[in-house]
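The listed protein sequences derive, respectively, from chains A and B.
Residue numbers for the first sequence, in our numbering: 1219 to 1534.
Residue numbers for the second sequence, in our numbering: 1219 to 1534.
Protein chains: 2
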Amino acid sequence: MKLESEHLEILAMIVEKGGLTEGADALGKSQPSVSRTIALLEQRVGVPLFEPGRRPLRPTELGASLARLGSRIHALNLEARQLVDRYSKGQAGRLRIGGTPIFMDGVIASMIAEFQRHHSDVHIEQSYGYGDTLLPHLRNGSLDLAILPMSAAQIPQDMVFVSLLAGRNVIACRSGHPLTRKGTITLADIDLFPWIAPPADSPLYRDLQRALVSIGSQDFRVNFSGGTFASIASVLAGSDSLTVLPYSVVFLTRKTMQLEALPLKIEHPNRQLGMLFAKESATAPALAPFKSFIAEQCRQLEARIQHDQQVTRRRG
Amino acid sequence: MKLESEHLEILAMIVEKGGLTEGADALGKSQPSVSRTIALLEQRVGVPLFEPGRRPLRPTELGASLARLGSRIHALNLEARQLVDRYSKGQAGRLRIGGTPIFMDGVIASMIAEFQRHHSDVHIEQSYGYGDTLLPHLRNGSLDLAILPMSAAQIPQDMVFVSLLAGRNVIACRSGHPLTRKGTITLADIDLFPWIAPPADSPLYRDLQRALVSIGSQDFRVNFSGGTFASIASVLAGSDSLTVLPYSVVFLTRKTMQLEALPLKIEHPNRQLGMLFAKESATAPALAPFKSFIAEQCRQLEARIQHDQQVTRRRG
DNA sequence: TGCTAATATTGCTTTGCGTTATGAAACTGG
DNA sequence: CCAGTTTCATAACGCAAAGCAATATTAGCA
């Protein structure tokens, strides 16, 4: 015997509304339509679902039981509709975001938290990686968005890159570090302190090397490496070590993490930190609001950085 | 937007089976059929439910979520089918049984307990009443079965009466009562003891009056009345009071309740304790097994009574 | 590059749902 | 008990959708 869920839902509505006519009304159907549906259902069940010869149509014991099940089915159906609805509006679903570890931890994570305060049903799956690992994932659809540093020349044909922040790196140390009290910093000053190295395969590591070369240091002493941002920040705050970090990361976390950027210009490639994603738009609807949210947050962050620098310059 | 529960169930099956072809197989439909169903569903949802251009058809995030809901809908649908199935076989549902209080409590209740050991999903709603109140309830469908004493002449045209046990009443007393030790009992012996009277509107009460008239007693002293069987049995067991009870009740409960029947023939109308129900068969399917179960139980009880009497007679 | 298996498409028939119009039965108030 | 009203069932018919077989297409794979 095959019962259609649709029929059970209709039965439930009739029982709930207490009558065939009202039930049909609530369902947006005509009265004869639901009448026949019930007749068909009764025929399939083989047992009357309503007591015969009663005008305000009263359900049988079995009819009432089936109606309860129909009601639960209807609730699930409704849930499905709402899910589709919210998903289409970008208020639900899953977003898979990958990015470079330090920037994700230091800047993006807190923005994600804020984003989820408005879009609580968007599940964000975060992963870490660099350009060479993120790009294939974007291409085969296992990643919706990558957040990484990139120069204009590097942008692949099939991708779109939206820049968020200047990719400027700085040499970071704990606040109150001896070097912060000096007016001008020389190579000899720098060479006194050990370095924290980011993961060896990261752009940051290459930036660190380049930066040191740019200020004349040929050799450098590494006393901590391989950690994520949380570890790096802890070691940095608890020692006189130095490291290279994106300025945005230092700026955002300097209060809580007790960090500071050294007033030392270092060379770095002309890169932007930004969002990379596939050109074709068959992506999760929640991606659009997420992208614009992150972009807006970064605009505000950029403005705060600008403002802060002006104040510092004026005071300095 | 309107999603059909049917479609969600199909989606669930496809996702579960891991492929369109296998899903179609499991559903007993052709592959093109479910293919088009999914196409239609996707069109209504407006978002792809399966990743495009993948041969072992992999669901999208939304597709997977909807499939989970579809699966739950399917489970409820299955539950509905099973409910109908068990209901049709008389293994589920609700039975409303009404009967005379003493007989229901003393004989039928324990049989109901036994019945439910085999039919655990049959919910029995018991109520009490006499012929004049039970009959209308049977007629308007608010009662499925009545259990009461009735003579052949009383059976209504539109009802069927199945007799269960002889309606013989006896005078009951506690076991070890002074009267049980006497060989022959006279009116004068009886008059020494007070009576427990059943409810004044019950057939038993009229039987009590008739019985006492039949043995010559004009007047009798009542020291307890209005109680249900449990109270009557307690008072009976704890005093030297007498009362009138169906022999079947005394027989079944004499061990646990410490009762005994006096070896005294009393006159009573030619009635049978039996089951009364409406002739037309639009009743709960569970009624049929219940009726035959009760009938069989009473046959066995009758046989035990017969056997017991023969043994008693031989010994006596 | 071709083979194989999985999915889509096509063309057609049947089923069932939707409607309006209308008939029949049950409740209501006098 | 008898109109009147309400409520449900039935009839006739158009249409959307489900069903199938046959066939085209395409992703994986060797």
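Every residue gets a Cβ at the ideal spot worked out from N, C-alpha and C, and that includes glycine.
Near residue i, which residues of its chain fall below 7 Å by C-beta distance, leaving aside the five closest residues on each side in sequence?
i	result
aspartate 1409(A)	Ser1435
proline 1396(B)	Asp1458
glycine 1492(A)	Met1368, Phe1379, Val1380, Ser1381, Leu1382
threonine 1471(B)	Gly1324, Ala1451, Leu1477
leucine 1226(A)	Leu1284, Leu1287, Gly1288, Ile1291
valine 1252(A)	Ile1228, Ile1232, Leu1238, Gly1241, Ala1242, Leu1245
leucine 1296(A)	none
methionine 1322(A)	Gln1344, Tyr1346, Ile1365
arginine 1304(A)	Ala1310, Asp1339
glycine 1444(A)	Pro1417
glutamate 1260(B)	Pro1266, Leu1267
Can you list, in chain order, the residues of its chain with a C-beta nearer than 8 Å to that of residue i? Leave out the 5 residues immediately preceding and following it.
i	result
threonine 1402(A)	none
glycine 1534(B)	Note on glycine 1534(B): pLDDT 47, under 50, position unreliable in the model; no value is reported.
glutamine 1334(A)	Val1340, Ile1342
lysine 1400(B)	Asp1407
Considering only the alpha carbon of each residue, which of the options lies closest to residue i?
i	options	result
threonine 1446(B)	Pro1417(B), Val1462(B), Ala1455(B), Ser1432(B)	Pro1417(B)
alanine 1285(A)	Leu1275(B), Arg1286(B), Leu1301(B), Ser1283(B)	Leu1301(B)
proline 1412(B)	Leu1430(B), Leu1366(B), Leu1422(B)	Leu1430(B)
alanine 1496(B)	Gln1490(B), Ala1506(B), Glu1227(B)	Ala1506(B)
lysine 1220(A)	Leu1280(B), Arg1273(B), Gly1317(B), Leu1294(B)	Leu1294(B)
histidine 1337(A)	Lys1307(A), Met1368(A), Gly1317(A), Tyr1346(A)	Lys1307(A)
serine 1466(A)	Asn1387(A), Asn1488(A), Gly1316(A)	Asn1387(A)
isoleucine 1342(A)	Tyr1348(A), Ile1484(A), Leu1313(A), Ile1326(A)	Leu1313(A)
cysteine 1516(B)	Ile1326(B), Gly1349(B), Leu1405(B), Ile1433(B)	Ile1326(B)
asparagine 1358(B)	Ala1310(A), Tyr1305(A), Arg1522(A), Glu1269(A)	Glu1269(A)
proline 1274(B)	Leu1361(B), Arg1439(B), Gly1236(B), Ala1455(B)	Gly1236(B)
arginine 1392(A)	Thr1461(A), Gln1334(A), Asp1425(A)	Thr1461(A)
proline 1464(A)	Ala1282(A), Gly1444(A), Tyr1423(A), Val1440(A)	Tyr1423(A)
lysine 1473(B)	Ala1310(B), Leu1482(B), Ala1455(B)	Ala1455(B)
proline 1374(B)	Ser1223(B), Asp1350(B), Ser1328(B)	Asp1350(B)
alanine 1504(B)	Gly1264(B), Thr1255(B), Leu1519(B), Asp1362(B)	Asp1362(B)
isoleucine 1256(B)	Arg1272(B), Pro1421(B), Glu1224(B), Ala1310(B)	Glu1224(B)
threonine 1501(A)	Leu1352(B), Ile1512(B), Val1265(B)	Val1265(B)
alanine 1390(B)	Gly1444(B), Ile1523(B), Met1475(B), Asp1339(B)	Met1475(B)
proline 1487(B)	Gln1372(B), Leu1519(B), Ala1513(B), Arg1522(B)	Gln1372(B)
isoleucine 1414(B)	Thr1398(B), Val1453(B), Pro1481(B)	Val1453(B)
glycine 1176(A)	Phe1508(A), Leu1296(A), Gln1528(A), Ala1479(A)	It is not possible to answer for residue 1176(A), since the shown part of chain A is limited to 1219 through 1534.
glutamate 1332(B)	Ile1512(B), Leu1258(B), Pro1481(B)	Ile1512(B)
proline 1481(A)	Thr1404(A), Leu1519(A), Asp1437(A), Ser1510(A)	Thr1404(A)
Whose C-beta lies closer than 6 Å to the C-beta of residue i among residues of the same chain, with five residues either side of it excluded?
i	result
histidine 1525(B)	none
leucine 1494(A)	Ala1364, Met1377, Phe1379
valine 1233(B)	Pro1277, Ala1285
glycine 1385(A)	Pro1367, Arg1489, Gln1490, Leu1491
tyrosine 1346(B)	Pro1319
glutamine 1344(A)	Ile1315
isoleucine 1484(B)	Ala1429, Ser1432
glycine 1190(A)	Because chain A here runs from 1219 to 1534, residue 1190(A) falls outside it and cannot be looked at.
threonine 1398(B)	Glu1478
alanine 1370(B)	none
Could you pull the start and end residues of the beta strand (DSSP E) that residue i belongs to?
i	result
serine 1420(B)	Run containing serine 1420(B): none; DSSP gives neither H nor E here.
valine 1453(B)	Where valine 1453(B) is concerned, there is no enclosing beta strand (DSSP E), although the alpha helix (DSSP H) it sits in stretches over 1447-1455.
alanine 1496(B)	1490-1496
phenylalanine 1442(A)	1440-1443
proline 1464(A)	1461-1464
Along the chain, where does the alpha helix (DSSP H) that runs through residue i open and close?
i	result
valine 1252(A)	1249-1263
alanine 1479(B)	Run containing alanine 1479(B): none in the alpha helix (DSSP H); it sits in the beta strand (DSSP E), 1477-1479.
histidine 1225(B)	1223-1235
aspartate 1339(A)	Counting along the chain, aspartate 1339(A) falls outside any alpha helix (DSSP H), though it belongs to the beta strand (DSSP E) covering 1339-1346.
leucine 1238(B)	1238-1245
Mind checking the segment 1263-1279 of chain A against chain B and listing, in chain order, the residues whose C-beta falls within less than 8 Å of any C-beta there? Val1263, Gly1264, Val1265, Pro1266, Glu1269, Pro1270, Glu1279
- Item | 3 or more residues per run - each beta strand (DSSP E) lying fully within the segment 1278-1329 of chain A | 1310-1317
(Q) Just to confirm the assignment: which complete beta strand (DSSP E) runs, minimum length 3, are found wholly within the segment 1354-1404 of chain A? (A) 1363-1368, 1377-1384, 1387-1392
task = Residues of the segment 1298-1319 of chain B with a CB closer than 8 Å to any CB of chain A: list them in chain order, please.
result = Ala1298, Arg1299, Leu1301, Val1302, Asp1303, Tyr1305, Ser1306, Gly1311, Arg1312
| task | Please name the residues in the segment 1284-1296 of chain A whose beta-carbon is closer than 7 Å to at least one beta-carbon of chain B, in chain order. | result | Leu1284, Leu1287, Arg1290, Ile1291, Leu1294, Asn1295
* Asked: Taking Cβ-Cβ distances below 9 Å as the criterion, which residues of the segment 1237-1250 of chain A are in contact with chain B?
  -> none
For this session: Note down, in chain order, all residues in the segment 1221-1237 of chain B with a beta-carbon under 8 Å from any beta-carbon belonging to chain A.
Result: Leu1221, Glu1222, Ser1223, Glu1224, Leu1226, Glu1227
Using a Cβ cut-off of 9 Å, which residues of the segment 1347-1381 of chain B contact any Cβ in chain A, in chain order? Gly1359
Note to self: Closer than 9 Å between beta carbons: that is the criterion. Which residues of the segment 1318-1344 of chain A meet it against chain B?
What the structure shows: His1341
Compile a chain-ordered list of the residues in the segment 1458-1485 of chain A whose CB is closer than 8 Å to at least one CB of chain B.
none
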